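Asks:
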Amino acid sequence: MRYGATELRFPDFALRPGGHLLLRGASGSGKSTLLALMAGLLTPTSGCLTMDGQELALLAPAARDAWRGAKLGFVPQRLHLSASLTVRDNLSLPYVAAGLSPDLARIDAVLGELGVGALLNRRPHQLSQGQAQRVALARALLRAPRFILADEPTANLDDESCDATLTLLRRASDQHGLCLVIASHDARIEAAWGGWSALHRLRLASAPAPAAA
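When the letters of the sequence shown are read in order and numbered with our numbering, they come out as residues 580 to 792.
Put into structure tokens, the structure is as follows:
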């Protein structure tokens with residue numbers, strides 16, 4: 580597909596139920612773009628992408644939004660927690676965006692599962708980096724998604740916080756039976772999960788430089 584002035588091509592791949600995927604590659608190789616395709620935020624210009632039996636390009640925009648809300652949880656590199664809202668209110672937003680009443684019991688349960696249940700009434704500036712990461716993961720898990728997409732989740736973390744985040748991601752994927760897709764150039768993920776038999780790897784080549792005018 581073409582992204583700006585650059586054409587990106589992705590190899591064919593398939594991920595079986597229960598599998599997890601680590602996308603590796605240098606900056607500009609298309610890791611974040613492939614995540615956006617998996618989320619239905621971008622449409623491929625050729626080929627097809629099927630997620631949980633659904634070819635996303637065939638969905639109308641409203642249906643694609645509904646599919647995304649029901650099937651996907653997203654853990655971005657920048658956590659995008661609203662500074663003016665408490666943790667509980669931040670986690671209510673996915674429900675509001677879907678036209679649903681916030682499930683406060685579910686919010687309490689997921690935060691408790693991740694060890695941050697006592698932080699419900701704090702605001703983002705009152706959280707440590709590790710606490711904020713757990714809140715972001717809780718937000719991604721709220722609606723029992725089939726997939727968690729994580730974009731460079733450890734890039735700005737020290738080794739201790741990196742280990743804690745990877746432990747949370749792997750535990751969440753195992754406990755909730757979801758497919759975890761991580762896009763990262765962080766070699767610590769490979770070192771930590773090298774023996775995880777459920778983890779598949781896909782290395783993307785760097786995008787070619789644009790032709791000279």
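Just so it is clear, CB atoms sit at the ideal spot from N, CA and C, and this is done for glycine as well.
If you're wondering where the values come from, they're calculated on a predicted model, not measured in any experiment.
What do you get for glutamine 712, buried or exposed, if any count of 16 or more other CB atoms within 10 angstroms of its CB means buried?
Replies: It counts as buried.
Asks: To the nearest angstrom, how far is the alpha carbon of leucine 658 from that of glutamine 710?
Replies: Rounded to the nearest angstrom, the two C-alpha atoms are 11 Å apart.
Asks: Output yes or no for whether 7 Å exceeds the beta carbon distance between valine 666 and leucine 699.
Replies: Yes, Cβ-Cβ distance for valine 666 and leucine 699 is below 7 Å.
Asks: Do you know offhand how far methionine 617's Cα is from glutamate 769's?
Replies: Taking the straight line joining both Cα atoms gives about 22 Å.
Asks: Can you look up alanine 791 in the DSSP assignment and give me helix, strand or coil?
Replies: Because the pLDDT of alanine 791 is 40, which lies under 50, any placement of that residue in the model is unreliable, and the question is left without a value.
Asks: Three-state secondary structure (DSSP) at glutamine 705?
Replies: Note: glutamine 705 maps to helix in three-state DSSP.
Asks: Kindly provide the ranges of any alpha helix (DSSP H) runs that are 4 or more residues long and lie completely inside the stretch 654 to 705, ordered along the chain.
Replies: Whole alpha helix (DSSP H) segments, 4+ residues: 666 to 676 and 683 to 692.
Asks: Excluding five sequence neighbours on each side, which residues of the same chain lie with their C-beta closer than 6 Å to the C-beta of arginine 767?
Replies: Contacts found: Cys741.
Asks: Measure the beta-carbon distance from lysine 650 to proline 724 and round it to whole angstroms, keeping in mind my assumption that it falls under 8 Å.
Replies: Contact flag correct, Cβ pair sits at about 6 Å.
Asks: Under DSSP, the beta strand (DSSP E) around arginine 782 begins and ends at which residues?
Replies: Per DSSP, arginine 782 belongs to the beta strand (DSSP E) from 778 to 782.
Asks: Using 8 Å as the cut-off, can you tell me whether the stretch 597 to 612 makes contact with the stretch 638 to 646, which would need three or more C-beta pairs spanning the two stretches below that distance?
Replies: Because the criterion of three Cβ pairs below 8 Å is not met, the stretch 597 to 612 and the stretch 638 to 646 do not touch.
Asks: Just reading off the beta strand (DSSP E) that alanine 762 is part of, what are its end residues?
Replies: Taken as a continuous stretch (DSSP letters only), the beta strand (DSSP E) holding alanine 762 covers 758 to 762.
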